[in-house]
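Protein chains in written order, with my numbering: chain A, 643 to 791; chain B, 643 to 791; chain C, 3 to 85; chain D, 3 to 85. For each residue, glycine too, the CB sits at the ideal point set by N, CA and C. Small disclaimer: the values here were computed from a predicted structure and weren't measured. Working notes, structure below.
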């Protein structure tokens, strides 16, 4: 399940949707990314996420498909917001279900790493000191690279 | 936060408790373990978790403390149930918050691995074919061992 | 040829999309960028350092040496920073 | 000396806890297990294969060569299977 949306999501509701009424799920892992008020010591007023409608959904579907090939997964949920967000707001949710915990953990971690380097989103920060486009982090590239070895 | 309890828990409520009103959390990871209806192809009717009151809380606190030393964490929640559970019931929740996702992911995975090999819980399965004490898995020992290298 | 711009590439160029008739010697995404640069300051600024710019062709990640033609939708944008 | 039993160790022995006066030559958790074995079939069955039994002393994971005395609480149980 892939959703790209402006509105907020509820983590508990999304996890419940993956597990309710099922007795074959052994493990559910969720990751949520949240806007932090501090951007390198410079207080953040808001963050605006721009994306490429159409391509975003394609890339998220592709990332999900790759995770399903690599790990034994029962279900995958990816929700990514766009638009203006404030400190404390949720940005992204990834949730995975599997029979066993290793698959659920690794797939969720992979999904986040791949999404960070492939999904066409761009963050603009409105800080106290001005407006800045967020630069990609080397650590995100190396996190993604560990899955291709 | 450590809780050892007979009653169910709500994943969304627990995650909200770690993040509500905060603007310094960047990442929240949760793991929930659920009773599966199938035990090695033998249908499971129920599972009863026995534990060692007192020692359980000590070990869980110790595991949490070790995770906080190893990773940069803002908060940790561990909830483990005991008593009789049915297929589909939640068993355990681990949730971590951090500024960055790698710490939250690794710490949650570590907590589950360590908890599996150190927390004094024992599972008895009531299967269609009879009653069985769950045997420890070699894969759980090797999962825990990767953190001591 | 439909072209899309995102993030600071869009800001520098001053538009989010346009349809252009590129000459026949524009055969790759890199040729297209070079041809656009000649159109004015905003383009020159956006494409000043191609190492900082990414290309998608028909909504798939690609690169500046990939062939393009009039039926393609080409997007130029900075490295992505979602998640 | 207070002794606790859990899971199938408890079932085989038929009780979850007891207080015993162990003789002076019981100096380790292993000595204690050996002394208990002499008490009857349930104990003999529970401690038949010590590789399958774990020990905690005063609620801390320990082992059969660890010293014990009358003030200690000793627990015997199978390898844990929580999570």
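Inset, instruction - Return the chain-ordered list of same chain residues with a C-beta closer than 8 Å to the C-beta of residue 764 of chain A, the five sequence neighbours on each side being excluded. - result: 691, 692, 693, 775 and 776
Inset, instruction - Determine the burial state of residue 35 of chain C: buried for a count of at least 16 other Cβ atoms within 10 Å of its Cβ, exposed for fewer. - result: buried
Legend entry - Short-range partners of chain C found in the segment 726-748 of chain A, where Cβ spacing is below 7 Å: 734
Legend entry - Residues of its chain near residue 771 of chain A, where Cβ-Cβ distance is below 7 Å and the 5 sequence neighbours each way are ignored: 684
Inset, instruction - Could you list which residues in chain B have their beta carbon closer than 8 Å to that of residue 66 of chain D, in chain order? - result: Correct list: empty, because the minimum Cβ distance to chain B is about 17 Å.
Inset, instruction - Could you give the DSSP three-state label for residue 665 of chain A: helix, strand or coil? - result: coil
Legend entry - 9 Å Cβ cut-off: residues of chain B touching residue 680 of chain A: 665, 666 and 741
Inset, instruction - Evaluate residue 643 of chain B with the Cβ neighbour count: other Cβ atoms within 10 Å of its Cβ, from every protein chain shown; 16 or more gives buried, anything less gives exposed. - result: exposed
Legend entry - residue 667 of chain A to residue 759 of chain B span [Cα, whole Å]: 21 Å
Inset, instruction - To the nearest angstrom, report how far apart residue 54 of chain C and residue 6 of chain C are at their CA atoms. - result: 16 Å
Inset, instruction - On the DSSP bridge assignment, give the partners of residue 689 of chain B in chain order. - result: B:727 and B:767
Inset, instruction - Would you list, in chain order, the members of the segment 767-778 of chain A that have their beta-carbon closer than 9 Å to a beta-carbon of chain C? - result: 775, 776, 777 and 778
Legend entry - Contact list for residue 82 of chain C against chain A, beta-carbon separation under 8 Å: 758, 759, 760, 761, 762, 763, 764 and 778
Inset, instruction - Reducing DSSP to helix, strand and coil, say where residue 752 of chain A ends up. - result: helix
Legend entry - Inter-residue CB distance, residue 756 of chain A and residue 737 of chain A (contact presumed, cutoff 8 Å): About 15 Å; that fails the 8 Å criterion.
Inset, instruction - Note down the Cα distance separating residue 661 of chain B from residue 728 of chain A, rounded to an integer number of angstroms. - result: 14 Å
Inset, instruction - Compare the C-beta of residue 692 of chain A with all C-beta atoms of chain C and state if any pair is closer than 8 Å. - result: yes
Inset, instruction - Please determine if the segment 704-715 of chain A and the segment 669-678 of chain A are in contact, where contact requires at least 3 C-beta pairs separated by less than 8 Å. - result: no
Inset, instruction - Just the C-alpha distance for residue 783 of chain B and residue 12 of chain D, rounded to the nearest angstrom, thanks. - result: 24 Å
Inset, instruction - Under 6 Å Cβ to Cβ from residue 749 of chain B, same chain only, skipping five residues before and after it: list those, please. - result: 709, 713, 715 and 738
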